[in-house]
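Just so you know, we're using this note's numbering here: the sequence shown kicks off at 78 and counts up by one.
Backbone N, C-alpha and C define an ideal beta-carbon position, used for all residues, glycine too.
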Amino acid sequence: MKYLTQAQKHMYENDGYLAPVDIFSNDEIAELRKALEAAEATHGDRLRGPGRNNPHLVLPVLDSITHETRILDAVEDLIGHDILVSSTTLFIKEPSSDGFISWHQDARYVHMEPYNWVTAWLAISDVDEENGCMYMMPGTQNEGMKPHEDTYDENNALTRGQTILDIDVSAAKPVELRAGQISFHHPLIIHGSGPNRSNRRRIGFAIQSYIGGDVEQKIGQIHVQQARGDKAQNHVMIPRLNGEMQSEDMARRDAANEALGKVFYHGAKKIGRY
Ligand SMILES: O=C(O)CCC(=O)C(=O)O
78 MKYLTQAQKH MYENDGYLAP VDIFSNDEIA ELRKALEAAE ATHGDRLRGP
128 GRNNPHLVLP VLDSITHETR ILDAVEDLIG HDILVSSTTL FIKEPSSDGF
178 ISWHQDARYV HMEPYNWVTA WLAISDVDEE NGCMYMMPGT QNEGMKPHED
228 TYDENNALTR GQTILDIDVS AAKPVELRAG QISFHHPLII HGSGPNRSNR
278 RRIGFAIQSY IGGDVEQKIG QIHVQQARGD KAQNHVMIPR LNGEMQSEDM
328 ARRDAANEAL GKVFYHGAKK IGRY
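Below, the structure is given as structure tokens:
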């Protein structure tokens with residue numbers, strides 16, 4: 078084991094998620110937040126809507142988080158030494174806002190198998206029940222794929238508003254994190270999150286996902302970065318960025334998002350906001 082304890086690995090295997098895991102110190106995460114918010118102030122809309130997808134390809138602050146050794150060491154403990162980054166997403170909920178994320182399983186529309194992949198969700202602000210933390214349903218990673226309905230709800234931050242209906246969520250556990258802590262979750266665990274009812278921003282950065290060298294994209298081709306090791310399936314390999322919002326990198330991100338969109342919206346009735 079490189080970073081996690083056996084007990085932490087056990088929690089991931091039993092419950093389908095692991096939290097909280099300490100990664101960045103208070104000072105480090107404060108610096109990262111400052112850099113992210115400066116980039117948001119400069120680039121505005123280019124980081125919202127579809128711009129929330131794969132921002133690590135255009136912003137050095139998110140590139141450095143994505144390739145952070147401590148995170149990769151923890152991921153290696155969960156999926157092995159060959160690690161690729163298939164995409165990332167900024168999940169920001171502004172103070173007193175209605176955006177939410179319905180109950181879903183990540184694997185439903187991602188079509189990556191085997192399930193040797195994990196989503197890492199870094200809290201860049203403190204995240205709690207009041208400002209819209211995630212909730213996980215422990216053990217549901219062992220219950221197979223559930224039917225999802227595409228709702229396209231305008232406040233739902235998922236691509237299709239995909240939702241698992243009629244489930245008893247009384248066993249769901251809040252994933253409260255201090256800024257600088259991370260959670261990891263399994264492709265099949267049922268999870269979601271509510272709106273931000275606080276006067277604080279809720280800032281999450283999800284690397285969704287770190288995938289093992291054995292993981293194949295079953296219905297398309299995705300654009301990925303090698304983060305560690307050298308084994309990869311038939312993906313389009315892309316390098317790390319050159320700098321902040323460089324035109325070559327932005328073109329690369331657009332191409333990656335287009336390829337991802339084809340996978341997410343495969344067979345969909347319509348294209349959503351992301
Ligand atoms: O940010 C959220 O509330 C949910 C994100 C999510 O569903 C995920 O990272 O898989």
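{"Query": "Contact test: Gly349 Cβ vs ligand 1 heavy atom, cutoff 7 angstroms", "Result": "no"}
{"Query": "Beta-carbon proximity check, Ala328 vs Asp227, cutoff 8 angstroms", "Result": "no"}
{"Query": "Opening and closing residue of the beta strand (DSSP E) in which Met211 lies", "Result": "Met211 to Met214"}
{"Query": "CB contact flag (Ala256, Met213, <8 angstroms)", "Result": "no"}
{"Query": "Identified DSSP bridge partners for His268", "Result": "His181 and Met213"}
{"Query": "Boundaries (first-last residue) of the alpha helix (DSSP H) holding Val152", "Result": "Thr146 to Ile156"}
{"Query": "Classification of Gly320 by the beta-carbon crowding that lies within 10 angstroms, buried from 16 upward", "Result": "exposed"}
{"Query": "Cα-Cα separation between Asn273 and Gly157, rounded to whole angstroms", "Result": "35 angstroms"}
{"Query": "Nearest-angstrom Cα separation, counted from Glu325 out to Gln285", "Result": "23 angstroms"}
{"Query": "Residues of its chain near Leu265, where Cβ-Cβ distance is below 6 angstroms and the 5 sequence neighbours each way are ignored", "Result": "Gln182, Ala184 and Gln218"}
{"Query": "Close-in-space but distant-in-sequence residues of the same chain around Ile280 (CB under 6 angstroms, 5 per side omitted)", "Result": "Ile169, Ile201 and Ser202"}
{"Query": "Outcome for Ile348 when other beta-carbon atoms lying within 10 angstroms are tallied against a minimum of 16", "Result": "exposed"}
{"Query": "Where Thr165 falls: helix, strand or coil (DSSP)", "Result": "strand"}
{"Query": "Any 3 or more C-beta pairs closer than 8 angstroms across the segment 172-181 and the segment 303-318", "Result": "no"}
{"Query": "Residue span of the beta strand (DSSP E) that contains Pro316, given as start and end", "Result": "Unbroken run through Pro316: none, as it is neither H nor E."}
{"Query": "Top-ranked residue by Cα proximity to Ile244, from Phe177, Asp140 and Ile267", "Result": "Ile267"}
{"Query": "Simplified DSSP assignment, three categories, for Gln85", "Result": "helix"}
{"Query": "Local conformation of Thr236 per DSSP, three classes", "Result": "coil"}
{"Query": "Cβ separation of Phe282 and Thr165, assumed to be a contact under 8 angstroms, to the nearest whole Å", "Result": "7 angstroms"}
{"Query": "DSSP three-state assignment for Asp205, whether helix, strand or coil", "Result": "coil"}
{"Query": "Simplified DSSP state of Leu254, which is helix, strand or coil", "Result": "strand"}
{"Query": "7 angstroms Cβ shell around Leu149 - same chain, five flanking residues per side excluded", "Result": "Ile160, Ala304 and Arg305"}
{"Query": "Gln239 versus Gly126 - alpha carbon distance", "Result": "17 angstroms"}
{"Query": "Delimiting residues of the beta strand (DSSP E) encompassing Pro97", "Result": "Tyr94 to Asp99"}
{"Query": "Close-in-space but distant-in-sequence residues of the same chain around His133 (CB under 6 angstroms, 5 per side omitted)", "Result": "Leu139, Asp140, Thr143 and Thr165"}
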